[in-house]
Amino acid sequence: MALEITDATFDEVVLKSDKPVVVDFWAAWCGPCRMVGPIIDEVSNEYEGKAVVGKVDVDANQEFAAKYGVRNIPTVLVFKDGEIVNRQVGVSPKKVYTDAIDAVL
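Per UniProt numbering, the sequence shown starts with residue 1, numbered consecutively.
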């Protein structure tokens with residue numbers, strides 16, 4: 001399962017990670033987000049120990065969504081060394097997310 005990331009934990013979990021981090025910005029009311037959610041959970045299981053995979057509920061945690069210009073959801077950002085290295089907006093196939101992680105491993 002993907003890790004639940006909040007505004008309070010974002011800095012520690014995402015920006016200070018020594019591994020690549022995948023962050024799915026989503027909301028419970030968002031239909032396409034519900035399509036991406038299970039894909040992100042699969043990616044989380046497959047990359048356990050190699051990458052951190054988490055989700056940010058934008059309704060409850062708006063600070064970093066605003067900071068990184070997340071205007072449409074789902075948006076999946078990949079971070080490496082605290083910097084965004086990939087951005088996917090909308091629903092994408094699983095391979096798009098795994099390729100993004102593989103590119104920075």
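Backbone N, C-alpha and C define an ideal beta-carbon position, used for all residues, glycine too.
Here the structure is a predicted model, which means the values were calculated and not measured.
Going by Cα to Cα distance, which pick from LYS50, ILE40 and GLU83 is closest to GLU4?
Taking the sequence shown and counting its residues from 1, one reaches residue 4 at position 4. Out of LYS50, ILE40 and GLU83, ILE40 has the C-alpha closest to the C-alpha of GLU4.
Considering Cα atoms alone, identify which of PHE79, CYS30, TRP26 and ASP59 is closest to LYS19.
Within the sequence shown, residue 19 is the residue found at index 19, counting from 1. Nearest C-alpha to LYS19: PHE79.
Check whether the Cβ atoms of VAL56 and VAL23 sit closer than 8 Å, and answer yes or no.
On the sequence shown, position 56 is the one that residue 56 refers to. On the sequence shown, position 23 is the one that residue 23 refers to. Yes, Cβ-Cβ distance for VAL56 and VAL23 is below 8 Å.
Less than 8 Å between the CB atoms is what I'm expecting for GLN88 and VAL104, so what's the real figure, rounded?
One-based indexing of the sequence shown puts residue 88 at position 88. One-based indexing of the sequence shown puts residue 104 at position 104. Incorrect: roughly 14 Å between the Cβ atoms, too far for contact.
Coarse secondary structure for GLY31, derived from DSSP in three states
Walking along the sequence shown from the start, residue 31 turns up at place 31. In the structure shown, GLY31 adopts helical secondary structure according to DSSP, grouped into three states.
Anyone know if the C-beta pair for ASP7 and ALA27 falls short of 8 Å?
Residue 7 sits at position 7 when you count from the first residue of the sequence shown. Residue 27 sits at position 27 when you count from the first residue of the sequence shown. Cβ atoms of ASP7 and ALA27: not closer than 8 Å.
Test item: CB-CB of CYS33 and PRO93 under 8 Å:
What you label residue 33 is simply residue 33 of the sequence shown in a count that begins at 1. What you label residue 93 is simply residue 93 of the sequence shown in a count that begins at 1. No Cβ-Cβ contact shorter than 8 Å links CYS33 with PRO93.
8 Å contact criterion, which LYS16 and GLY82 should meet: CB distance rounded:
Numbered from its first residue, the sequence shown carries residue 16 at position 16. Numbered from its first residue, the sequence shown carries residue 82 at position 82. That pair is a contact at about 7 Å.
Backbone CA spacing between VAL70 and GLU46 [nearest angstrom]:
For the purposes of this step, residue 70 is taken as residue 70 along the sequence shown, with counting starting at 1. For the purposes of this step, residue 46 is taken as residue 46 along the sequence shown, with counting starting at 1. So the alpha carbons of these two residues sit roughly 26 Å apart.
Relative to the alpha-carbon of PHE64, which residue among ALA2, MET1 and PHE25 has its alpha-carbon at the smallest distance?
Walking along the sequence shown from the start, residue 64 turns up at place 64. For PHE64, the nearest C-alpha among the options comes from PHE25.
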